[in-house]
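Notes follow the structure.
2 protein chains.
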Amino acid sequence: MAMDMTFLGTGSAYPSPHRGASALVLRVDGECWLFDCGEGTQTQLMKSQLRAGRITKVFISHLHGDHLFGLPGLLCTVSLNTSPDPQQKPNCMDIYGPRGLRQFLRVTLGLTGSQLLFPYAVHELEPTPDQCPQEGWLNLEMTAEHGPPHPQEQLGRTISHDVSSDCYFLFEDKKFAVKAFRLFHRIPSFGFCIQEHNRPGRLKTELLKELGLKPGPLYGRLKDGEPVTLESGHVIQPSEVLEETIPGRKVCILGDCSSVLGEGLLQLCNGADVVVHEATLGNEHREKAVDHGHSTPEMAAAVAQACCAQRLVLHHFSQRYKPSTLQKEGDEDNVLELKRQAEDALQDSGIEVTLAEDFMTLAIPRRRPR
Amino acid sequence: MAMDMTFLGTGSAYPSPHRGASALVLRVDGECWLFDCGEGTQTQLMKSQLRAGRITKVFISHLHGDHLFGLPGLLCTVSLNTSPDPQQKPNCMDIYGPRGLRQFLRVTLGLTGSQLLFPYAVHELEPTPDQCPQEGWLNLEMTAEHGPPHPQEQLGRTISHDVSSDCYFLFEDKKFAVKAFRLFHRIPSFGFCIQEHNRPGRLKTELLKELGLKPGPLYGRLKDGEPVTLESGHVIQPSEVLEETIPGRKVCILGDCSSVLGEGLLQLCNGADVVVHEATLGNEHREKAVDHGHSTPEMAAAVAQACCAQRLVLHHFSQRYKPSTLQKEGDEDNVLELKRQAEDALQDSGIEVTLAEDFMTLAIPRRRPR
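So the protein sequences, as listed, match chains A and B. Quick note, the first sequence lines up with residues -10 to 359 if you use the numbering used here. Quick note, the second sequence lines up with residues -10 to 359 if you use the numbering used here.
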């Protein structure tokens, strides 16, 4: 199964003509999962090779406008480009994000009279009190639902923090388990861990033939992990006839954050193929970055190292950093310097650093059997 | 006083890489007044010659997303680029638009924890019941304010429909009187009339000298319309010593609408220098346009003619119409054809037709004295 991610916006704070506001698409098996949706994401999508109509799930890391203001418009435009099949009920768009997101969509879609041709459900993550120390006015009253639901709004789940694992269970299907973990920013922020299930290794068909088993349904049962009893009474265990298990890939996409690493993050991101982490400002602006709840490349590197990740992808750059293609010699702020700072912090660790730019696509190759 | 308008987005329904969503800036005396603010308007502003920090007033014609979804982000970005002078209280941003706009901003700014460095006030126009025949779920409960106001929200006015004049009085200052009038669309929609005050003609200085009056404060009083008594007892009337009055310019900017012309529109737009009118689809799609509450070039022309306007500017084109610079021979939908359709409808009327494109600036020259 092919898996890749495309960065639609790598800028922080606001969209500019050179860097979109936060948004990236993880493509899994033809489906597009959108992570964050800053203003202008729909236009960035149109400029990319991706199709907005392929978006089946949306994940919002936190409610700051540069990660969210594009969502109502995106839903409207996806709907405008939908040609509903009268024979088939349209799929529900699942939207995951912090408490308050449901009310945000209810009001923005409701007051604008936005009609959607598909249903949507908002599954809200309940922040813990220590995630929102500063801004008391972002209170329970504000985030509670009020007013009539949108005609297409379906009942979403309220997902509580699992204290023992310090994480949130979003969903699990045949291919993936998706969880979220807490981050610490100025407002409640989350990271998402997309864990592909391990897959059984290939069948040793030569050996099976030697054992007298011809290709057929029993092969499938062995592959599914069930033992098979031969006519002779001999029992074949799957482990005897399967190559080594193919480990599932793990992709971790973090929202805005600063320093504090929760237990959930460390557990869930451990051994990730890819950790996508913000690096809003260079190391030399660490104090300012931390003041605003953000990270530097060095701080992002520390997270990747603590998780033993294979690759660290930096994004969410202050708009003072031009894309590397527009960089001129002598420019005071050089985005390539951010990459160098992370690489310096990770030397000898074997962790690769990638600098995300708008419209960059990063393949996430299958792991080798272990 | 220089006056011009710049189109930031001339597309309907959603922003695309080729046409922004609805937004235009009327520049008066160095101030920028923004009319509508679709998603991406802040990025269009950055690409233009205008400065977002110069925006002092915002007017929202109606609450559809393609005219509104860019407003929360725009306010945040204007704030980020504000360097407040601690000696001076920042000016209040006045925002005018239909009932529900206050709650929209309260929720979008509030839930996203958007901090602004300047105060804002939303002055809401109360629609009349016949403006919203279809969508009953856009009801009073939804548009009512709920939840805590934003820390920077100041008390805005609620502006009722003046039945006798069929219009809304927004504000009047030394230079302008600004009113709104009702339009008929799928949801309540409004047009705005910006009427510059007439200015007194120039002083006939030769004549004044002959009358024995030397340049000084009395000249100013005459210019302000006050009679002046000479030492001889002779009274000079302003009309004797002033050239002809310079009539004020009138600019009318209409939101989305279809067909029905109210008395307010006809009165307020009468003799306008410029009428900006939507032309979403060509004449051949009239039925579809009307179904969606929109206009064709012919319908826009009828409005301009009914108002005896001097110039009709068409905008708000379906995204099927590419900008004329990207038009290729043989393209099925040609935006130049929309202009031709309006011109056909206006032949011999003397009304000029202008096709708006993104980033086009249209000067609104002073009128000649009458």
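Every residue gets a Cβ at the ideal spot worked out from N, C-alpha and C, and that includes glycine. Computed from a predicted model, the values in this text were never measured in an experiment.
If we call anything under 8 Å between Cβ atoms a contact, is residue 108/B one with residue 141/B? Locating residue 108/B in the second sequence gives position 119, where the first residue counts as 1. Locating residue 141/B in the second sequence gives position 152, where the first residue counts as 1. Cβ distance < 8 Å, so residue 108/B and residue 141/B count as in contact.
Buried or exposed: which applies to residue 334/A, given that a residue is buried once 16 or more other Cβ atoms fall within 10 Å of its Cβ? What you label residue 334/A is simply residue 345 of the first sequence in a count that begins at 1. Residue 334/A is buried by the Cβ-count criterion.
Please confirm whether residue 89/B and residue 56/B have their CB atoms less than 8 Å apart. Along the second sequence, one-based indexing puts residue 89/B at 100. Along the second sequence, one-based indexing puts residue 56/B at 67. Not a contact, by the Cβ cut-off of 8 Å.
Under 9 Å Cβ-Cβ, which residues of chain B neighbour residue 2/A? Locating residue 2/A in the first sequence gives position 13, where the first residue counts as 1. Those within 9 Å of residue 2/A in chain B are 65, 66, 69.
Could you check whether residue 71/B and residue 61/B sit closer than 8 Å to each other, using their CB atoms as the reference points? In the second sequence, the residue the question calls residue 61/B occupies position 72. In the second sequence, the residue the question calls residue 71/B occupies position 82. Taking 8 Å as the Cβ cut-off, residue 61/B and residue 71/B do not qualify as a contacting pair.
When the cut-off is 8 Å and only beta carbons count, does residue 206/A lie next to chain B? Working through the first sequence from its first residue, we reach residue 206/A at position 217. Under the Cβ distance rule, residue 206/A does not count among the residues neighbouring chain B, no pair being separated by less than 8 Å.
Could you say if the segment 25 to 44 of chain A and the segment 87 to 104 of chain B meet the contact criterion of at least three C-beta pairs nearer than 8 Å? Taking one beta carbon from each stretch, the segment 25 to 44 of chain A and the segment 87 to 104 of chain B have fewer than 3 pairs nearer than 8 Å; the two do not touch.
Own chain, CB closer than 7 Å to residue -3/B, minus 5 neighbours either side, in chain order: Mapped onto the second sequence, residue -3/B falls at position 8. 9, 12, 13, 14, 30, 33, 34, 37, 347, listed in sequence order.
Is residue 92/B buried or exposed, if buried means 16 or more other CB atoms sit within 10 Å of its CB? Looking up residue 92/B in the second sequence gives position 103. Under this definition residue 92/B is a buried residue.
C-beta contact flag for residue 269/B and residue 305/B at 8 Å: Numbered from 1 along the second sequence, position 280 holds the residue referred to as residue 269/B. Numbered from 1 along the second sequence, position 316 holds the residue referred to as residue 305/B. In contact: residue 269/B and residue 305/B (Cβ atoms closer than 8 Å).
Segments assigned beta strand (DSSP E), at least 3 residues, entirely inside the segment 212 to 249 of chain B: 239 to 243
State the beta-bridge partners of residue 44/A as determined by DSSP. Position 55 of the first sequence, counting from 1, holds the residue named residue 44/A. Residue 44/A is bridged to 21/A.
For residue 59/A and residue 3/A, the rounded distance between their alpha carbons: Counting from one through the first sequence, the residue named residue 3/A turns up at place 14. Counting from one through the first sequence, the residue named residue 59/A turns up at place 70. One C-alpha to the other measures close to 11 Å.
Just to confirm the assignment: which complete alpha helix (DSSP H) runs, minimum length 4, are found wholly within the segment 87 to 138 of chain B? Here the runs fully enclosed are 90 to 100, 129 to 132.
In or out: residue 339/B buried (at least 16 other Cβ within 10 Å) or exposed? Position 350 of the second sequence, counted from the first residue, corresponds to residue 339/B. So residue 339/B counts as exposed.
Length of the line joining the Cα atoms of residue 236/A and residue 188/A: On the first sequence, position 247 is the one that residue 236/A refers to. On the first sequence, position 199 is the one that residue 188/A refers to. Between residue 236/A and residue 188/A, the C-alpha separation is close to 6 Å.
Out of curiosity, what's the CA-to-CA distance linking residue 196/A and residue 353/A? For the purposes of this step, residue 196/A is taken as residue 207 along the first sequence, with counting starting at 1. For the purposes of this step, residue 353/A is taken as residue 364 along the first sequence, with counting starting at 1. Cα to Cα, residue 196/A sits roughly 32 Å from residue 353/A.
With 7 Å as the C-beta to C-beta threshold (strictly closer), list the residues of the segment 77 to 96 of chain B near chain A in chain order. 89, 92, 93, 96
Rounded distance between the beta-carbons of residue 298/B and residue 249/B, thought under 8 Å: Position 260 of the second sequence, counted from the first residue, corresponds to residue 249/B. Position 309 of the second sequence, counted from the first residue, corresponds to residue 298/B. That belief does not hold up - the Cβ atoms of residue 249/B and residue 298/B are roughly 18 Å apart, past 8 Å.
Taking contact to mean at least 3 C-beta pairs separated by less than 8 Å, is the segment 169 to 181 of chain B in contact with the segment 238 to 256 of chain B? yes
Closer than 7 Å between beta carbons: that is the criterion. Which residues of the segment 6 to 34 of chain B meet it against chain A? Against chain A - using a Cβ distance shorter than 7 Å - the residues of the segment 6 to 34 of chain B are 6, 28, 29, 31, 32.
Which chain A residues are close to residue 212/B, counting only those with a beta carbon under 8 Å from its beta carbon? Here residue 212/B corresponds to residue number 223 of the second sequence, with the count starting at 1. Near residue 212/B there are no residues of chain A at all, since even the closest Cβ is about 46 Å away, more than 8 Å.
If I measure Cβ to Cβ from residue 116/A and keep anything under 7 Å in the same chain, skipping five residues before and after, which residues do I get? By one-based count along the first sequence, residue 116/A stands at place 127. Only 87, 88, 177 meet the Cβ criterion.
What's the gap between the Cα of residue 139/A and the Cα of residue 320/A? Taking the first sequence and counting its residues from 1, the one referred to as residue 139/A is at position 150. Taking the first sequence and counting its residues from 1, the one referred to as residue 320/A is at position 331. Using only the alpha carbons, I get a separation of about 48 Å.
Nearest CA to the CA of residue -7/B: which residue from 20/B, 0/B, 6/B? Position 4 of the second sequence, counted from the start, is the residue given in the question as residue -7/B. Considering only alpha carbons, the answer is 20/B.
To test your reading of the DSSP string, which unbroken alpha helix (DSSP H) runs of 4 or more residues are found completely within the segment 275 to 313 of chain B? Listed in chain order, they are 275 to 280, 286 to 295.
Please say whether residue 342/B and residue 331/B have beta carbons closer to each other than 8 Å? Taking the first residue of the second sequence as position 1, residue 331/B is located at position 342. Taking the first residue of the second sequence as position 1, residue 342/B is located at position 353. Result yes, Cβ atoms of residue 331/B and residue 342/B sit closer than 8 Å.
DSSP has residue 266/B in a bridge; who is on the other side? Within the second sequence, the letter at position 277 stands for residue 266/B. Bridge partners of residue 266/B: 303/B.
Between the CA atoms of residue 260/A and residue 272/A - distance to the nearest angstrom: Position 283 of the first sequence holds residue 272/A. Position 271 of the first sequence holds residue 260/A. Rounded to the nearest angstrom, the two C-alpha atoms are 25 Å apart.
Roughly how far, in whole angstroms, is the beta-carbon of residue 289/B from the beta-carbon of residue 301/B, given that I think they are within contact range, below 8 Å? Stepping through the second sequence from its first residue, residue 289/B is reached at position 300. Stepping through the second sequence from its first residue, residue 301/B is reached at position 312. Contact check for residue 289/B and residue 301/B: beta-carbon distance about 6 Å, within the 8 Å limit, so the pair qualifies.
At a CB-CB cut-off below 9 Å, which residues of chain B make contact with residue 44/A? Working through the first sequence from its first residue, we reach residue 44/A at position 55. Within 9 Å Cβ-Cβ: nothing; residue 44/A doesn't reach chain B, min ~15 Å.
Report the start-end ranges of each alpha helix (DSSP H) in the segment 331 to 357 of chain B that is 4 residues or longer and not cut off at the edges. none
Positions along the segment 170 to 188 of chain A whose CB lies within less than 8 Å of some CB in chain B: With the criterion set as a beta carbon lying under 8 Å from some beta carbon of chain B, the members of the segment 170 to 188 of chain A are 175, 176, in sequence order.
Residue 145/B and residue 113/B look like a contact to me (Cβ under 8 Å); what is the Cβ gap, rounded to whole Å? Numbered from 1 along the second sequence, position 156 holds the residue referred to as residue 145/B. Numbered from 1 along the second sequence, position 124 holds the residue referred to as residue 113/B. That pair is a contact at about 6 Å.
In whole angstroms, give me the CA-to-CA distance for residue 229/B and residue 165/B. For the purposes of this step, residue 229/B is taken as residue 240 along the second sequence, with counting starting at 1. For the purposes of this step, residue 165/B is taken as residue 176 along the second sequence, with counting starting at 1. Spanning the two alpha carbons is a distance of roughly 26 Å.
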